[in-house]
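First up is the structure itself, then whatever we jot down about it.
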Ligand SMILES: Nc1ncnc2c1ncn2[C@@H]1O[C@H](COP(=O)(O)OP(=O)(O)O)[C@@H](O)[C@H]1O
Ligand SMILES: [Mg+2]
């Protein structure tokens, strides 16, 4: 697939931009701060309904504007699909599919499938479990758009259950039976949606693991072998060979909730569920986090993205490859591996501060991004 058109209104630094794109390689060239990553971020937003840089939507809306609009036309095996996303501060976002409004923005998930390589990816290895959960959930969502609903349902239950626990924390002698009954209801809903989310993640990790191991081996042949493993917060669950039967997971979650109830009430927080899980990354028999060198960490991060790319490709419909500033970041071996993948991709969109950062011999279309009339923060595009 490829993006034929990207149009932004009041998205980040872009007041208005309309780009015609095509298959093959395109490089966005421009000085730092001119809005290159903002273009990539908009495409990622269309893919996952979230930013890869921030957890909320508000920073995506241009300062002083009330809403941002990200519009794309995606061509997939000859069929065109237009997606418009309106990001509104403090209210529900809106979406249109082929210019017709849809009930939920989630209905446009899956139209555009991208794999993004970004400087932020190092956090996949070195950062908190939340980074790795988001990696898994984003990939699961792109592959199976239905997961967007599962995530939303789980997050809602988690928020409400947490609010209830918080209100009961410290009120030990005032907890009525009614409140505890309500908590029971939230337990079963958390277990139900949590089990679905966990099953999706464990399935994904089972498919992903061999791809990531292969990719890492290619990137760092001299290093110890890499492996990934889903690590559930509840005891004795979540190994690669675990069953992923949602009913089994639901029962296990319910049992874990019952076992931790006192602790949850004491602390006023939700201690059980997929929001506490992690994707464990190992090199040999050590965890990558805290043990891997800088180079190994980068290899692992790139391998996670390459694994994602391979899975999406196997699903059919070549994903779009987004490479944000990564060539400057990587050493020769990793650059070469990434360039090799990019050779075969249907569409590759790359950002670079200078053209020297792009691999030699790449015949790529160039989009120059410059300041417009010297006006601070405003940018225009010169298509070369
Ligand atoms: N919500 C926003 N409103 C206006 N400008 C923004 C907003 N968010 C980010 N910017 C600006 O966007 C610029 C960074 O754009 P970015 O795409 O990261 O640059 P680069 O070309 O280096 O990748 C900064 O100048 C920043 O101030
Ligand atoms: Mg950038």
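Numbering (our numbering), first residue to last: -6 to 377.
Where is the CB? At the ideal position from N, CA and C, for every residue including glycine.
Let me check understanding here. Comparing Cα to Cα, which of the options lies closest to residue i?
i	options	result
residue 354	336, 286 and 364	336
residue 59	45, 195, 81 and 342	81
residue 94	106, 76 and 19	76
residue 192	205, 237 and 200	237
residue 195	65, 239, 91 and 362	239
residue -2	340, 185 and 350	340
residue 144	161, 72 and 187	187
residue 14	159, 357 and 169	357
residue 242	184, 197 and 198	184
residue 78	64, 85 and 84	64
residue 55	86, 7 and 200	7
residue 17	323, 348, 334 and 247	334
residue 197	246, 0 and 221	221
residue 326	301, 296 and 173	296
residue 249	330, 49 and 177	177
residue 244	180, 57 and 159	180
Can a CB atom of chain D be found closer than 8 Å to the CB of residue i?
i	result
residue 245	Looking for chain D here will not work: only one protein chain is present.
I'd like to confirm something about residue i: is its beta-carbon nearer than 7 Å to some heavy atom of ligand 1, or not?
i	result
residue 27	yes
residue 6	yes
residue 55	yes
residue 112	no
residue 23	yes
residue 52	yes
Got a sec? Which residues, its chain only, sit under 7 Å from residue i by beta carbon, not counting five neighbours each side?
i	result
residue 294	114, 115, 117 and 118
residue 45	34, 37, 109, 111 and 113
residue 41	131, 134 and 135
residue 268	151
residue 290	115, 118, 119 and 281
residue 155	262 and 263
Sorted by chain position, which residues of the same chain lie with C-beta nearer than 6 Å to residue i's C-beta, five sequence neighbours on each side aside?
i	result
residue 91	75
residue 285	276
residue 343	20 and 316
residue 2	9 and 62
residue 350	320 and 321
residue 226	269 and 270
With a CB to CB cut of under 8 Å and the five nearest residues on each side skipped, what residues in its chain are close to residue i?
i	result
residue -6	67, 68, 69, 70, 105, 106, 310, 311, 312, 313, 339 and 340
residue 73	-3, 66 and 67
residue 253	264 and 265
residue 141	42, 99, 102 and 134
Just the residues with CB closer than 7 Å to a heavy atom of ligand 2, in chain order, which are they?
-> 25, 29, 30, 317, 318 and 344
Please list the segments of the beta strand (DSSP E) lying wholly inside the region 246 to 302, counting only runs of 3 or more residues, in order along the chain.
-> 271 to 276
Residue ranges of each alpha helix (DSSP H) within the region 75 to 152, 4 or longer | 115 to 119 and 122 to 136
Can you check the region 299 to 357 for any beta strand (DSSP E) of at least 3 residues that lies completely inside it and give the ranges in chain order?
-> 313 to 317 and 340 to 345
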